[in-house]
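Which chain is which? The protein sequence lines are A and B, in order.
The opening residue of the first sequence carries number -12 in my numbering; numbering runs sequentially from there.
The opening residue of the second sequence carries number 423 in my numbering; numbering runs sequentially from there.
Scroll down for the structure; my scribbles are underneath it.
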Amino acid sequence: MSEIDADAAASQKLRKSERVKRKGNRTSEDGDSAGLGKGRAAAFVAPAMLLIAIFLVFPALWTLYLGLTNYRLTGFAATHPRFVGIDNYVNALTDSRFLNSLGLTLLFVLGSAVIGQSVLGFAIAWMMTRVRKGVKSVVEFFVLLAWIVPSSVSTFLWLALLDRNNGTLNTLFGTGTTAWLLQFPMQSIIVFNTWVGTAFSMLLFSSALGAVPPTQLESSKIAGAGAWAQLRDVIFPHIRSHVLTNTILITLWTFNTFTPYLLTAGGPDHRSEILPVYIYRLALSEGSLGQGSAVSLIMILINLVIALVYLRILREKKS
Amino acid sequence: MASIVTTSLVKEYPGGVRGVNGLSLTVNDGEFFALLGPSGCGKTTLLRTIAGLEKTTSGRINIGDRDVTDLEPGKRKIAMVFQDYALFPHMSVADNISYPLKIQKMRKTDRLEEAEKVGDGLSLQGLMERRPGQLSGGQQQRVALGRAIASRPEVFLFDEPLSNLDARLRLEARTFLKKLQIDLGITTVFVTHDQAEALALADRIAIMKAGTLQQLGSPREVFQRPANIFVASFVGSTPMNLLPATVQDGRVLVSGTSLPLPASAEGLVAEGQSVTWGARPEYLHMSTTETADAFLGGVTISENLGASVLLSISVGESNVRVVVGEDQEPSMGTSVWVKVEPRRSLLFDSDGDRIGK
């Protein structure tokens, strides 16, 4: 009985203090912990919002508008663009070149990001948990180097590596005059992008593996678990959220990367024309700004879907 | 069921630090064996080397009649319980307990049945579907024990199995652990830094310091007859009285008081030899009337231990501690006599080793 009384008294006290707080600060129930009030809070956010509006929202809306016109880089349509409705979108979605590009992009993302960077990055990170510190530092240094070297430099190195005449690869393996970039354009840019991006996955997985409790690994070892069973039963359950984060980030980055253009320029014959390269060629090389804008918007939508799926999964995990 | 024998075992870490330095000891079949020592003494390293989690630098390890020195941990037929229990947070209690059986490729229904059986023996009924995160510390500890039992090992290795429990639960778990070990009769080595735990649980205790064995014996031997000053001061809930002394006229002069020579040291000391005199506070007797062969001094501090009281008595330059019953507590400053039984006092030589058997 007395316990209930005490509870009631406590809750009454709480309500009273809440009333007092509300009187002192009207916005306390909105979670205004800083006590700024809406006006001042808005003033603080305004500069950032303005910058976002100018540099992000406006260009996006402009792209949306351009996508509805036959705007071109040069010629009559450059000065007198005509409103064409959703023609550009219909054209894009029925154009075999667009569909080809979309397919190549999916292949590119799957090959170089999901399989290449993730798997290779994890494999390196895992191997590095079993070697001496010195070896680990050296390996990490070289992997990181691929990531931090400017893409113009690294693509130049790869051009030298894959060159038909006197290329390093052909010399090394005695593969004659194989023109790697012409004969295997997709394979080349997939390997290239894996090489560039593995460092990120490796670093992320390194830190994730460092957080796996060593005693759990040891108890699975004592139970007799081999490497594969340890991966399945201890490591993967612990790094699941890292795998998710990593996959989403590198998917988005790979989806949007333009660097392969520096290697193959989308060729030969559109065989390595991933979406960013397609848009660039369409809008700026061929001058169809309106059509390019429409494809850009489609690409933004695909990005958005990926991001939303990611946020959804992450939120489900938290709750 | 098996004994464990280590022969000149050395575990050296990169950089030349020796965690275990030439240790030879035998843990008998079915024995409850404690490795006791302060942190950094190598007790955990020894346990992990027996488990195979650390590579042996030199020496051999035998479990039963098998030489396991170069075997993988999973092939040694051991089970280990870690201080943090190392339960898999994403698996249910049943899956945790039956994990070793899953690795041994036992069928799912069989291993869950086995887990049920083991869980029943550990009062885990009704918790089998829960995750470790939903259990109390004591329950988690029993799940960890269950996982160890389910693997049917020849040897249990416990790394501070009780130190993550709060004080009251620890006593309960201690009794439970002792009963479990007696029931199963599996050779058990456990590591602890808590001397009370070691005394309470173990059949025999190995006390270690800096990778070497200091003393090996039953709890009683270790408590009553510590091999050296290190063991004397490490074992016992109230520290042993250790005072500088000189041999004089066949007696021993401690802090200006002449006491009879400890029984064990008779005939083994020379006149005028500098020694350390030691006696446990529990083995001293206080009296308010004059007593022969006793220290005389004033009570300076009294600490309540529950049913008994720890008194500090200043004798000359030094402090003598004595444990007395609660109804015997004198007031502060009172002069009292503290009598020593020759049978219960010890002498240590200048190297710190006990004189006599």
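Every residue, glycine too, gets a C-beta built ideally from N, C-alpha and C.
In this text the structure is predicted, and so the values were computed from the model without any measurement.
Straight-line spacing of the CA atoms in ILE608 of chain B and ALA667 of chain B works out to 46 Å. Chain A has no Cβ within less than 9 Å of the Cβ of ILE426 of chain B. In this structure, DSSP gives THR429 of chain B an extended state, which the three-state scheme calls strand. Taking the C-beta atoms as reference points, GLU260 of chain A is found nearer than 9 Å to LEU91 of chain A. About 5 Å separates the CB atoms of MET630 of chain B and LYS465 of chain B; that is less than 8 Å, so the two are in contact.
Nearest neighbour of ASP489 of chain B by Cα position, chosen from B:LYS530, B:THR428, B:ASN663 and B:SER545, turns out to be B:THR428. SER141 of chain A counts as buried, since no fewer than 16 other beta carbons sit within 10 angstroms of its beta carbon.
Non-local C-beta neighbours of VAL731 of chain B in its own chain, meaning closer than 8 Å and more than five positions away in sequence, comprise SER724, GLU725, VAL745, VAL746, GLY747, GLU748, GLN750 and GLU751, ordered along the chain. By the Cβ neighbour-count rule, MET662 of chain B is buried, with 16 or more other Cβ atoms within 10 Å of its own.
At a cut-off of 9 Å between C-beta atoms, GLY213 of chain A counts as an interface residue with respect to chain B. Flagged as an interface residue toward chain A: ALA508 of chain B, by a C-beta distance shorter than 9 Å.
Within its own chain, the residues whose Cβ lies closer than 6 Å to the Cβ of GLN104 of chain A, once the five positions on either side in sequence are excluded, are THR181, GLY184, THR185, SER188 and ILE237, listed in chain order. In the DSSP secondary-structure assignment, ILE735 of chain B is bridged to B:VAL721 and B:VAL742.
For the pair ILE266 of chain A and GLY277 of chain A, the CB atoms are not nearer than the 9 Å cut-off. With contacts defined as CB atoms closer than 9 Å, LEU768 of chain B and ALA714 of chain B fail to qualify as a contacting pair. Here the alpha carbons of ARG119 of chain A and VAL577 of chain B stand approximately 32 Å from one another. Interface residue (Cβ-Cβ distance to chain B less than 9 Å): ILE209 of chain A is classified as such. Counting only runs of 3 or more residues that sit fully inside the segment 495 to 527 of chain B, the beta strand (DSSP E) segments are 500 to 503, in chain order. At a C-beta separation below 7 Å, SER206 of chain A has these neighbours in chain B: MET502, PHE504 and ALA508. Here the alpha carbons of VAL136 of chain A and PRO46 of chain A stand approximately 30 Å from one another.
One thing to note: VAL264 of chain A has its Cβ within 9 Å of the Cβ of PHE245 of chain A. Note on GLY161 of chain A: under 16 other CB atoms within 10 angstroms of its CB, so exposed under the neighbour-count rule. The beta carbon of THR679 of chain B is closer than 8 Å to those of ALA716, PHE717, LEU718, VAL737 and GLY738 in its chain, skipping five residues each way along the sequence. Residue environment: VAL292 of chain A is assigned as exposed (fewer than 16 neighbouring CB atoms within 10 Å of its CB, all protein chains considered). Among the residues of the segment 215 to 239 of chain A, those with a Cβ less than 9 Å away from any Cβ of chain B are ALA216, ASP220, VAL221, PRO224, HIS225 and ARG227, in the order of the chain.
A Cβ-Cβ distance of about 6 Å is found for the pair GLU453 of chain B and ARG626 of chain B, placing them in contact under the 8 Å criterion.
Closest option to GLY672 of chain B, judged by alpha-carbon separation, among B:GLY694, B:VAL503, B:ARG574 and B:GLU619: B:GLY694.
Using a 10 angstroms sphere on the CB of VAL691 of chain B, the tally of other CB atoms reaches 16 or more, which defines it as buried. In this structure, the beta-carbon distance from PRO495 of chain B to LEU509 of chain B does not fall below 9 Å.
Contact check for LEU284 of chain A and GLY54 of chain A: beta-carbon distance about 5 Å, within the 8 Å limit, so the pair qualifies. Scanning chain B for C-beta atoms nearer than 7 Å to the C-beta of GLN203 of chain A yields ALA508 and PHE510, reported in chain order. Using beta-carbon distances, MET528 of chain B does not count as an interface residue toward chain A, since no partner is under 9 Å.
For ILE571 of chain B, no Cβ of chain A is located within less than 9 Å of the residue's own Cβ.
DSSP places LYS477 of chain B in the coil class of the three-state scheme, outside both helix and strand. Proximity of the segment 21 to 34 of chain A to the segment 245 to 259 of chain A falls short of the contact definition, fewer than three beta-carbon pairs being nearer than 8 Å. Under the three-state reduction of DSSP, ASP532 of chain B is assigned to helix.
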